[in-house]
Structures are given as C-alpha cells and as structure tokens.
Amino acid sequence: MAENKLIWPARLHHFALTTETPEILADWYVRAMGYEKETYGNGWLLSGAERNIIILTGNKSEVPFSSYAVEDDSHLSNISEQFSAAECKIEKFSTPLFCDNAISITDHDGNVFVFGVPLRGKAGRDQLPGRLQHIVFATTQLADQVSFFTNTLGFRKSDTVFDSDKDPTACFMRSDPEHHSLGLFRAPEARLDHFCFESTCWNDIRDWGDHFSEERIPIVWGAGRHGAGNNLFIFVEDPDGNKLEISAEIELMTWEQEPREWPHEERTLNLWGTAWLRS
Ligand SMILES: [Fe+2]
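Residue numbers (our numbering): 33 to 311.
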C-alpha cells in the first residue's frame with residue numbers, strides 16, 4: 033500500500049480555461065451556472081461560493097492550470113519540501129484565489145497543477161448547489177501520467193478501467209475521501225475531457241435539469257449513474273463544446289481502501305445505459 037499521503041487532503045478549488053471568445057463564454061457561465069463575473073487579466077474571473085473558474089483569452093479549451101486547495105501553510109510547506117526532495121521541478125505560482133505561497137508542478141502532458149491555501153472567497157451560497165469537485169484530462173500516456181500523480185504527487189488510485197488486453201483505459205484518483213478529484217482517460221490526444229460540480233442529492237440534479245431547460249441548454253449525456261464512483265450525473269456543454277458535469281452521491285473511500293478494477297465497457301461509465309467511451 034502506498035504510504036505517501038503528500039497532498040492528502042486536497043480539493044479541486046479552481047482552474048483556468050482559455051477561449052477565443054471570453055465574453056461569450058463568461059456570459060454563458062453567468063447564465064448557466066449562476067456565476068458573478070469580474071474582469072481579470074485578458075479575461076474574466078467567474079466567482080461562486082463553491083465554484084470558481086478563470087476564463088482567459090487563448091486557444092479554445094486549453095487549461096493553463098488546475099488548482100487544488102491544501103489545508104494550511106504547514107501542509108503546503110510539507111508538500112513543497114517533499115516535492116523538492118523527489119527532485120520535482122516546483123515553481124512559485126500566482127493565482128488571485130490563493131495566498132502568495134502557492135506552488136505549481138507540471139505533469140508529463142504539460143498540464144500545470146497548483147497547490148495552495150485559498151484566500152477568503154465569495155460569501156453565502158450558490159443559487160443551485162454544485163461545488164467544483166473534479167477535473168478530467170485525456171492523455172496519450174496514461175500509465176506514465178497515473179504514475180506521476182500517484183507516486184510523485186500522492187493521489188490515491190480509486191478505480192482503474194482495463195481493456196481486454198489488460199491495458200488501462202481510464203483511472204480515477206482521489207486526494208481526499210471523495211472517489212476522484214482527478215481523472216484520466218486514454219485518448220488519441222492530450223486535452224481537457226470534462227470538469228464536474230458536485231451537488232448534494234438527486235433532487236439537486238432535478239433542479240439543475242429544470243434550470244438548464246429554462247435556459248434552453250440541452251443535457252447531452254445522462255441522467256445516469258457512473259459505475260466507477262457510483263455518482264449520479266448529467267452533462268451539458270458550453271459554447272466551446274467543453275463538457276460540464278453535475279453530479280451527486282459520489283462514493284466516499286478511506287485512504288486505506290485498495291484500488292479496484294473495472295472492464296472497459298459502457299456499464300463502467302453508466303450503470304443505467306449508454307456511455308461516452310473515449311477509446
Ligand atoms: Fe466526471
């Protein structure tokens with residue numbers, strides 16, 4: 033069993049997303065997800081009580097960085113020391129939502145992961161509950177990426193999906209008791225796959241569905257229940273085609289629970305029906 037609890041517990045806090053049309057995308061997120069927007073850099077800071085996204089001008093659908101909140105300065109300092117001892121290249125990183133001692137580390141695909149202590153965010157509650165909870169990337173080098181996140185950063189494997197040749201096609205990893213805060217799919221190219229907001233119950237999914245309906249935003253996958261993670265879900269797409277997931281009832285696992293295996297089939301991704309298979 034892996035004993036390196038380096039980043040544990042850490043939670044996805046915010047990320048940056050690039051687009052060629054920042055105004056259109058930001059306005060969609062205000063309408064669809066109830067964000068407040070304010071200008072930031074060459075784009076927008078989208079604020080919610082439990083969900084924050086930074087929209088920047090650039091190529092469509094790239095993620096300049098994903099930020100995970102750690103417990104406190106002491107936890108961050110411990111992480112930083114251990115990354116250094118493992119001869120990982122860490123850099124100071126500035127993001128408007130973390131204290132100025134945040135650090136970043138880059139994976140094999142060039143994705144930047146930031147660890148830091150959050151500044152005080154927006155008070156109150158979001159109109160519809162949905163805490164930014166996980167982000168998922170597609171990769172051409174799944175095994176190396178999984179090794180980096182588990183052995184170097186201290187994520188814990190929850191579920192791995194294998195094809196009939198016993199090659200891994202997906203891996204879901206946790207950095208606190210929630211089944212996954214990061215996922216990776218084998219695919220022909222490295223890119224953003226989707227990101228997810230965790231609501232509190234099935235009735236929230238209903239309310240999100242009704243809200244999207246009022247806004248004429250169609251659900252593109254679901255409602256369903258994932259096999260790996262056991263969470264209820266619906267998916268919608270933003271104007272750039274980025275996939276957003278609203279989830280509920282994600283499985284909780286202890287640090288000690290061993291990784292499990294799933295077959296590469298639709299049922300693994302949707303116990304209720306058809307699935308979006310990436311490879
Ligand atoms: Fe997801």
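Just so you know, even glycine gets a beta-carbon here, dropped at the ideal spot from N, CA and C.
- Three or more beta-carbon pairs separated by less than 8 Å link the stretch 195-213 to the stretch 274-285, which places the two stretches in contact.
- With contacts defined as CB atoms closer than 8 Å, residue 101 and residue 188 fail to qualify as a contacting pair.
- Close CB contacts of residue 311 within its chain, under the 6 Å cut and outside five residues either way in sequence, are with 201, 218 and 219 (chain order).
- Runs of the alpha helix (DSSP H) lying entirely within the stretch 148-234 and spanning at least 4 residues, in chain order: 174-179.
- In this structure, DSSP gives residue 117 a helical state, which the three-state scheme calls helix.
- With 5 Å as the limit, the residues whose C-beta approaches a heavy atom of ligand 1 more closely than that are 228 and 277, in chain order.
- Contact fails between the stretch 179-195 and the stretch 226-235, because fewer than three Cβ pairs, one in each stretch, are under 8 Å apart.
- With 16 or more other CB atoms across the displayed protein chains lying within 10 angstroms of its CB, residue 108 is buried.
- Residue 139 holds the alpha-carbon nearest to the alpha-carbon of residue 170 among 90, 74, 263 and 139.
- Residue pairing for residue 53: DSSP places it in no beta bridge.
- Partner residues in the beta bridge of residue 75, as assigned by DSSP, are 72.
- Residue 97 and residue 224 have their C-alpha atoms spaced approximately 11 Å apart.
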